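Report on one structure; see the data block that follows.
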Amino acid sequence: MKPQVNTRVKVLIVDNFIWFINAGLYILFIILNPRGFLTIHNVEFILYVSSMLGFLVLGEALAMITGGMDLSLAQNAGLSAMVGGFILGVMAPSLPGWLGVIIVLVVGTAFGAVNGLLVGKLKYNPFLATLGTFIVFDWATFWIRRGAIVNLPASFLAPGSGTIGGVHIAIFLFLFMALLLHLMLRYTQFGVSIYAVGDNPKAAMMMGIDVGKVLFGVFTLGGLLAGFSGLIYLGYIGAVTSLIAQNKIFEAFAGAVLGGVSLRGGRGSIMGALGGVLLLGILDAGLTMLNVSPEIRGVLTGFVLLVAVMINMAISRLRDRILMPH
Numbered sequence: 309m310k311p312q313v314n315t316r317v318k319v320l321i322v323d324n325f326i327w328f329i330n331a332g333l334y335i336l337f338i339i340l341n342p343r344g345f346l347t348i349h350n351v352e353f354i355l356y357v358s359s360m361l362g363f364l365v366l367g368e369a370l371a372m373i374t375g376g377m378d379l380s381l382a383q384n385a386g387l388s389a390m391v392g393g394f395i396l397g398v399m400a401p402s403l404p405g406w407l408g409v410i411i412v413l414v415v416g417t418a419f420g421a422v423n424g425l426l427v428g429k430l431k432y433n434p435f436l437a438t439l440g441t442f443i444v445f446d447w448a449t450f451w452i453r454r455g456a457i458v459n460l461p462a463s464f465l466a467p468g469s470g471t472i473g474g475v476h477i478a479i480f481l482f483l484f485m486a487l488l489l490h491l492m493l494r495y496t497q498f499g500v501s502i503y504a505v506g507d508n509p510k511a512a513m514m515m516g517i518d519v520g521k522v523l524f525g526v527f528t529l530g531g532l533l534a535g536f537s538g539l540i541y542l543g544y545i546g547a548v549t550s551l552i553a554q555n556k557i558f559e560a561f562a563g564a565v566l567g568g569v570s571l572r573g574g575r576g577s578i579m580g581a582l583g584g585v586l587l588l589g590i591l592d593a594g595l596t597m598l599n600v601s602p603e604i605r606g607v608l609t610g611f612v613l614l615v616a617v618m619i620n621m622a623i624s625r626l627r628d629r630i631l632m633p634h
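Residues 309 to 634 (this note's numbering) are what the sequence shown spells out, left to right.
What follows is the structure, given as structure tokens:
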């Protein structure tokens, strides 16, 4: 095998390492619980659960590729769902459900634009800026309504609860969005700019890339993805509560890191992020079927996050060694 081809194969294996882990983990749970895990229904359930968190993972992955992070994504999802639910369920119950869907997405995008303004235009540190909006969004959600809002229109809940041919609409939405983002990162100038900004902001600026504009776009897009996540969570629950997507930011971060998105920026892919969120979905479904308590599952999620960071750093070093000229 020629050296160049050999290097490409090694990089391909390293970049897609998460999919080998997913296959191994899935086989392990099949061995432990073959009757429960080896079914089409279970595969659909894993994809459905993964789609809720998946939109947050995609948003976090984009922010991390730019060299930053967005700590407010989960809170944005909860607040967007709360605003839409409050308008439809309390303020104007006569409004059609489809309008509520648009409201949630617009609100999520607007909140994302606030982060984009802080990070991209005002040059705030992404960690500090989104930590601040995390607190504001969290407080605002509880301020609007502490209790649940029920009796919402079926069309409003449809993105998270509806099905097509027995498959949840949420799965189609998530996979379609993942495909769009994959194509955007690989084949558009904006995608190239995202990687350039994450790799070296100063060099990107010298190349004529408007770094502030790119960051504004990424965080605004993250807000839209948070809105989708909020819609799916509220459809899954069947009501709007102040606990929608609470504490999910840690899992979103874990999914992105597990998927190989570099903590240093400039590296990562949507396919990798997709693999990361599926790993978390397989793990959660497997532990649930084995009757592991939610408390233990929470501890294991934290452990997975720590392991994910270590694996991410190790894979990053391995990739650099493979690409290093001999």
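All C-beta atoms, glycine included, are put in the ideal place defined by N, C-alpha and C. Computed from a predicted model, the values in this text were never measured in an experiment.
DSSP has residue i in a bridge; who is on the other side?
| i | result |
| --- | --- |
| Val475 | Ile472 |
| Ile457 | Val548 |
Could you say which of the options lies nearest to residue i if we only look at CA atoms?
| i | options | result |
| --- | --- | --- |
| Gly408 | Pro342, Met492, Gly538 and Tyr544 | Gly538 |
| Leu370 | Thr441, Gly567 and Ala418 | Gly567 |
| Phe353 | Asp446, Asp592 and Tyr432 | Asp592 |
| Val427 | Trp406, Phe527 and Phe611 | Phe527 |
| Gly474 | Ile321, Ala504, Asn350 and Ser624 | Asn350 |
| Ile326 | Met579, Glu603 and Val600 | Met579 |
| Pro342 | Pro461, Val412, Met597 and Ser359 | Met597 |
| Lys429 | Leu346, Leu523 and Gly589 | Leu523 |
| Gly405 | Phe561, Gly499 and Pro467 | Pro467 |
| Gly393 | Ser463, Ile348 and Pro434 | Ser463 |
| Ala562 | Ile540, Gly589 and Leu542 | Gly589 |
| Trp447 | Ile395, Leu387, Thr471 and Lys556 | Leu387 |
| Gly375 | Ile545, Val398 and Ser501 | Ser501 |
| Met492 | Thr471, Gly525 and Ile540 | Gly525 |
| Lys431 | Lys521, Ala560, Glu603 and Gly606 | Lys521 |
| Ile410 | Leu465, Met360 and Phe445 | Leu465 |
| Pro461 | His490, Asn555, Met621 and Leu403 | Leu403 |
| Val569 | Gly506, Tyr541, Arg605 and Asn599 | Gly506 |
| Glu559 | Ser601, Val617, Lys510 and Phe484 | Val617 |
| Phe482 | Ser469, Met360 and Tyr541 | Met360 |
| Ile623 | Thr609, Gly610 and Arg572 | Arg572 |
| Leu340 | Leu595, Phe480 and Gly499 | Leu595 |
| Phe498 | Ile517, Asn508, Leu608 and Lys510 | Ile517 |
| Asn555 | Thr496, Leu425 and Thr609 | Thr609 |
Excluding sequence positions up to five away, which residues of its chain have a Cβ less than 6 Å from the Cβ of residue i?
| i | result |
| --- | --- |
| Thr438 | Asp378, Leu379, Ser380 and Asn423 |
| Gly420 | Phe527, Thr528, Gly530 and Gly531 |
| Ala486 | Ile578 and Leu582 |
| Phe442 | Leu379, Ser380 and Gln383 |
| Leu586 | Asn330 and Ser358 |
| Met513 | Val519 |
| Leu346 | Ile338 |
Among the residues of its own chain, which have a CB less than 8 Å from the CB of residue i, if the five just before and after it don't count?
| i | result |
| --- | --- |
| Ala636 | Examination of residue 636 is not possible in this model, given that the chain is present from 309 through 634 alone. |
| Met309 | With a pLDDT of 48 at Met309, under the threshold of 50, the modelled position of that residue is not reliable, and the figure given next carries that caveat. Closer than 8 Å at the Cβ level, and outside the excluded window around Met309, lie Val317. |
| Met515 | Ala504 |
| Val415 | Leu387, Ser388, Val391, Gly392 and Gly535 |
Beta-carbon of residue i versus every beta-carbon of chain C: anything under 9 Å?
| i | result |
| --- | --- |
| Gly392 | Reference to chain C is not applicable here, since this structure consists of a single protein chain. |
Please find out if some non-hydrogen atom of the ligand ADP comes closer than 8 Å to the beta-carbon of residue i.
| i | result |
| --- | --- |
| Phe527 | The ligand ADP is absent from the structure shown, which contains no ligand whatsoever. |
Are at least three pairs of beta-carbons, each pair with one atom in the region 523-539 and one in the region 358-369, less than 8 Å apart? They touch, by the three-pair rule.
Counting pairs of Cβ atoms below 8 Å between the region 325-343 and the region 440-459, do you hit three or more?
By the Cβ test, the region 325-343 is not in contact with the region 440-459, since fewer than three Cβ pairs between them sit closer than 8 Å.
key: Touching by the beta-carbon criterion (3+ pairs, under 8 Å), the region 453-465 and the region 547-554   = Flag = yes, the region 453-465 and the region 547-554 touch.
**Asked** What runs of the alpha helix (DSSP H), each 4 residues or longer, lie entirely inside the region 561-600?
**Response** Entirely contained in the region 561-600, the alpha helix (DSSP H) runs reaching 4 residues are, in chain order, 578-597.
Check your understanding: Taking only runs of the alpha helix (DSSP H) that begin and end inside the region 372-423, which ones reach a length of at least 4 residues, in chain order?
Key -> Correct list: 381-394.
Report task. Output the residue ranges of the alpha helix (DSSP H) runs that lie fully inside the region 476-545 and measure 4 residues or longer, sorted by chain position. Result -> If we require 4 residues or more, the alpha helix (DSSP H) runs fully inside the region 476-545 come out as 477-495, 497-507, 509-514 and 519-545.
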